[in-house]
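Keeping their order, the protein sequence lines are chains R and C. Note that our numbering gives residue 470 to position 100 of the first sequence, counting from 1, and the numbers run on in steps of one. Note that our numbering gives residue 63 to position 67 of the second sequence, counting from 1, and the numbers run on in steps of one. All C-beta atoms in this analysis are idealised placements derived from N, C-alpha and C, irrespective of residue type, glycine included. This one's a predicted model, so the numbers in the text were calculated from it and none came from an experiment. One structure below.
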Amino acid sequence: MLEVQNLTKRYNKTLAVDNVSFTVNTGRIGILLGPNGAGKSTVIKSIAGLLKYEGGVGIDGLPARTTEAKKIFGYVPELPALFPNLTVAEHLEYIRRAYDVSVSDEEVEKLLERFEMEDKKEKLGSELSKGMMQKVSICCALLIHPRVMMLDEPMVGLDPRAIKELKEVILELKEQGTTVLISTHMLEMVQELWDDVFVMEKGHIIAVYHREEVSDQNLDELFFAVTEKEKGEAHA
Amino acid sequence: MRSMTYLWKRTAVNLLKKNIKRPVFWVYAVLIVVYGAAMYLTFGELIRENHLESPEFFAAAVSAFLLYLTPAGYSSYARRKGLLFRNCDVHFVFPSPASPKLCLLYGQIKTLAVSCLMELVIVFVGIVWFHIPLLNMLLYVLLVSVVSTVMDSSLVICLYGNERLKEETLNKLAYLLYGITALLLLLGFLYLRTKGFHVATVMEYLSSPGIQMIPLIGWEIAALRLVLLGPDAVNVAGTFLYLLAAGGLFLAAVKLKCTGRYYEDAMKFADDYEQALAQKKKDGTTNFWKNRKLRKVQVNWKGTGASAIFHRQWLEYKKERFFLFSTATLVSVIVGVVFIYLDRTGQLGVPQEFKIYALLGLTAYLMLIFGSLPTKWTKELENPYVFLIPDRAVKKIWYATCLEHVKSLINMILLVVPAGIFMGIRPVLLIFLVWMGTAAGAVRIYSDTITRAILGSMLGNTGRSLLQMLIAWTFIGFAVPFFLIGLFLVGETAAFLLASLYLTVAAFVLMFGGSHAFTRMELQE
Chain R
371 MLEVQNLTKR YNKTLAVDNV SFTVNTGRIG ILLGPNGAGK STVIKSIAGL
421 LKYEGGVGID GLPARTTEAK KIFGYVPELP ALFPNLTVAE HLEYIRRAYD
471 VSVSDEEVEK LLERFEMEDK KEKLGSELSK GMMQKVSICC ALLIHPRVMM
521 LDEPMVGLDP RAIKELKEVI LELKEQGTTV LISTHMLEMV QELWDDVFVM
571 EKGHIIAVYH REEVSDQNLD ELFFAVTEKE KGEAHA
Chain C
-3 MRSMTYLWKR TAVNLLKKNI KRPVFWVYAV LIVVYGAAMY LTFGELIREN
47 HLESPEFFAA AVSAFLLYLT PAGYSSYARR KGLLFRNCDV HFVFPSPASP
97 KLCLLYGQIK TLAVSCLMEL VIVFVGIVWF HIPLLNMLLY VLLVSVVSTV
147 MDSSLVICLY GNERLKEETL NKLAYLLYGI TALLLLLGFL YLRTKGFHVA
197 TVMEYLSSPG IQMIPLIGWE IAALRLVLLG PDAVNVAGTF LYLLAAGGLF
247 LAAVKLKCTG RYYEDAMKFA DDYEQALAQK KKDGTTNFWK NRKLRKVQVN
297 WKGTGASAIF HRQWLEYKKE RFFLFSTATL VSVIVGVVFI YLDRTGQLGV
347 PQEFKIYALL GLTAYLMLIF GSLPTKWTKE LENPYVFLIP DRAVKKIWYA
397 TCLEHVKSLI NMILLVVPAG IFMGIRPVLL IFLVWMGTAA GAVRIYSDTI
447 TRAILGSMLG NTGRSLLQML IAWTFIGFAV PFFLIGLFLV GETAAFLLAS
497 LYLTVAAFVL MFGGSHAFTR MELQE
């Protein structure tokens, strides 16, 4: 379970996120939607513990900044930044050691094969394209068997095959009871994935949808219904 | 810690493996060895000649380093700078279950290789030049590698990772440390002024009990003096306080609550650092001053095709705080004023008929200094839209560099005209000198374009700069025969006119040749 309680973030005098609260329950896929500048990345970076913020973040009931919480938390940032002088295999080995996870070499091989990276094992981080870096970043996050997984614009830069694979992986994680939060504005990419949607605008959550409540309604319609309404109210 | 050690080790090994395959690595290695040998011979001789080969002088030199560089280091920790975190650390290290304190130590370890190398040099120099016994030098190594490292690491945690003190308080502390350094410099200067500017006075100042009793830094100096020179009352007391402080700070670092609130500042630093690295890779410069304030301006958009480049640059310059003026402008003004002063006070010592040549030499010298600095126009080649503008390449290069010529002209006028008038040089010669300087500036700019068109990034920044300088100075050098022909056949005015005309033609030739760089972006990649 991922809980965000009264999260507020200021950059000097600018209020980027104002008292945001939401919960993604265990085994569900939450989607954080919003236009550019809505505050999604700030929320994501705060959950990942990279920003100073007011409020609380809980990972499976543990405060997010604790070591125990970090051990079960996988994070795929929007822009992957690999160690330039570490090979792909060494990135995975580092993760294995940092998170103290017992993953067999076969499992590592399988993971790399899923994302067509098996022949790139000995490539250095600085030698990879952006899409390949994103794949390594995803593999690293998956390697720790996270209980809570957070992905920031994960499809950007990926080829169609990798996007398909990632979607399958996310659904598998859900089946295994992992909580997933995805931040994106590529609505069509998460259409078949979502369980809960949190629509953000100007630092606030302006709508929350649960799939059970809106049946098969299109994500596009839901998103534009609420954002256009907000825009109309603002103009009025 | 296991994972970070792995990270550090693998990075070092891979970096070494990667570099030893590059011929440039070996070129640099040879250069460093040659440079080191030259320094060893030169400085060794200098030290012997000046009778400085005593352990006391060595202790004073190391003390000076500690006294004036350490506060800056502590200050950078307090401002959450000084540790080289990169975006990959933000991605993989900060969100990992590693303790935030360990992440700080990992950041600090990154600078360990350079520190170790420096200490090795110090030890070598201490033994060879200053005849310090091996045992004392070993004690020094022990002091630096154990106590100083513990102290430094503890300070990193207590300052960088501090979550108890407010950001404003830490910033004030950082400035206070700078203030202390300035105060120590001032005190040193006053001491020297009173006692006389001699090496002995400097050594006396650096070994004074007052210095050795400055908390932390002074105590470290005391410890250093104890292991290098033997005990006295002051350095024993200072060393005791130093060990006490190191122990205290270590305990404080262990007890301090650190949950990783510094990650945000480290992330900002990493972002700036990556940008600086990318810029350095691109054009060999680094600039951390990225969030500069721009003025709000209104502009009437004019120009179509390639001239739009000029109008966009004009708008950008109007937004700049100092418009078209830069450091080169300031230097031109200052040098011009200094020249006037030297001339008025009779210190210039140049006969009237040769003063114009003194100005000419000065212009060439300043061009040599500022010639390698990249300017706004080079950024044009990084922008794909420039290549897409439906216009001729030669028009694009002209409009992209036009304002650079205006800047050169302004700088030349400020450098040459007031000084020339005060020196009583004929106005027509000054006009030609300004023309020559501006045309030579254009030659320099277009030699850069032609280098980019020919080489792209084949030889890297250094190779490209060297070739650019070679082309520019060859073309500028050919102005000399033209000047001499004019001088001997007609006279001084004709000489300046002929050289100016030649440089203008040369600039246009290079401009046409270099315009090729604006045809395809792949030439820059």
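Given that P447/R touches chain C, what residues does it touch there, using C-beta distances under 7 Å? H87
Check whether the region 441 to 458 of chain R touches the region 588 to 596 of chain R, taking contact to mean three or more Cβ pairs, one atom from each stretch, closer than 8 Å. no
Over the uninterrupted alpha helix (DSSP H) stretch that includes A302/C, give me the two end residues. Unbroken run through A302/C: none, as it is neither H nor E.
Based on Cα-Cα distance, which residue from D430/R, L403/R and Y381/R lies nearest to V338/R? Residue 338/R falls outside the range modelled here, since chain R spans only 371 to 606, and no answer is possible.
Run down chain C in chain order and give the residues with a C-beta less than 9 Å from the C-beta of T437/R. P93, A94 and S95
Closer than 8 Å, Cβ to Cβ, to anything on chain C: give me those residues from the region 442 to 469 of chain R, in chain order. Those would be F443, Y445, P447, L449, P450, A451, L452, F453, P454, N455, L456, T457, E460, H461, E463, Y464, I465, R467, A468 and Y469, in chain order.
Are the beta-carbon atoms belonging to E523/R and S474/R less than 8 Å from one another? Taking the C-beta atoms as reference points, S474/R is found no nearer than 8 Å to E523/R.
Identify the contact partners of A595/R in chain C, using a Cβ-Cβ distance below 9 Å as the criterion. Neighbours of A595/R on chain C: none; closest Cβ ~35 Å, over 9 Å.
Residues of chain R with a CB under 8 Å from the CB of L14/C: which are they? The amino acid at residue 14/C is misidentified as Leu; the sequence shows Lys. What K14/C touches in chain R: N455 and L494.
Just the Cα atoms here: how many angstroms apart are E488/R and E477/R? 12 Å
The alpha helix (DSSP H) spanning N389/R covers which residue range? Premise fails: N389/R lies in the beta strand (DSSP E), T384 to V394, not in any alpha helix (DSSP H).
Which residues in chain R have a C-beta closer than 9 Å to the C-beta of Y2/C? List them in chain order. Within chain R, the residues near Y2/C are E460, E463, Y464, R467 and A468.
Helix, strand or coil for P433/R, going by three-state DSSP, please let me know. The answer is strand: DSSP assigns P433/R an E or B state.
Is E616/R helix, strand or coil by DSSP? Outside the modelled stretch of chain R, which goes from 371 to 606, sits residue 616/R, for which no answer is possible.
Determine the DSSP secondary structure at D268/C, reduced to helix, strand or coil. In the structure shown, the three-state DSSP call for D268/C is helix.
Host alpha helix (DSSP H) of A170/C (start-end): E163 to K191
For the putative contact between L456/R and R6/C, defined by C-beta atoms under 8 Å, what is the C-beta separation to the nearest angstrom? 6 Å
Taking only beta-carbon positions, decide if K491/R is within less than 8 Å of chain C. no
Would a check of beta-carbon distances place A418/R closer than 8 Å to chain C? yes
Against chain C, which members of the region 397 to 427 of chain R pass a CB distance test of less than 7 Å? Listed by position, the residues of the region 397 to 427 of chain R near chain C (Cβ gap below 7 Å) are A418, G419, L420, L421 and K422.
With a threshold of 6 Å on Cβ separation, who are the neighbours of L541/R within its own chain once the five nearest residues in sequence on each side are excluded? For L541/R, there are no CB contacts under 6 Å within the same chain when 5 residues up- and downstream are skipped.
How do the region 496 to 509 of chain C and the region 417 to 432 of chain C stand: do at least 3 beta-carbon pairs fall below 8 Å, yes or no? With a cut-off of 8 Å, the region 417 to 432 of chain C and the region 496 to 509 of chain C count as touching, because enough Cβ pairs lie within range.
Check D444/C in the structure and name its three-state DSSP category. Three-state DSSP puts D444/C in a helix.
By the three-class DSSP mapping on this structure, what secondary structure does H512/C have? In the three-state DSSP reduction, H512/C falls in the helix class (H, G or I).
Per-residue contacts from E260/C into chain B (C-beta, under 8 Å): You won't find chain B in this structure, because its protein chains are R and C.
Give the DSSP-derived three-state secondary structure of T107/C in the structure shown. Three-state DSSP puts T107/C in coil, outside helix and strand.
Just to confirm my understanding: we take I213/C, look at its own chain, exclude 5 residues before and 5 after, and list those with CB closer than 8 Å. What are they? L62, L63, T66 and P67
I want to know whether the region 415 to 422 of chain C touches the region 344 to 358 of chain C - three or more CB-CB distances under 8 Å. These segments touch.
Cβ shell of Y238/C (< 6 Å), same chain only, five flanking positions each side left out: W215, E216 and A219
Taking 8 Å as the CB-CB limit, is C84/C close to chain R? yes
Where K505/R meets chain C, residues with beta-carbon distance less than 7 Å: Simply none; closest approach about 14 Å.
Is the distance from the Cβ of G234/C to the Cβ of Q271/C below 8 Å? no
Opening and closing residue of the alpha helix (DSSP H) in which T1/C lies: R(-2) to I16
Anything in the region 138 to 171 of chain C with a Cβ closer than 8 Å to a Cβ of chain R? List those residues in chain order, please. none
Return the first residue and the last residue of the alpha helix (DSSP H) that Y24/C is part of. P19 to E45
Less than 8 Å separating the beta-carbons of K491/R and V458/R? yes
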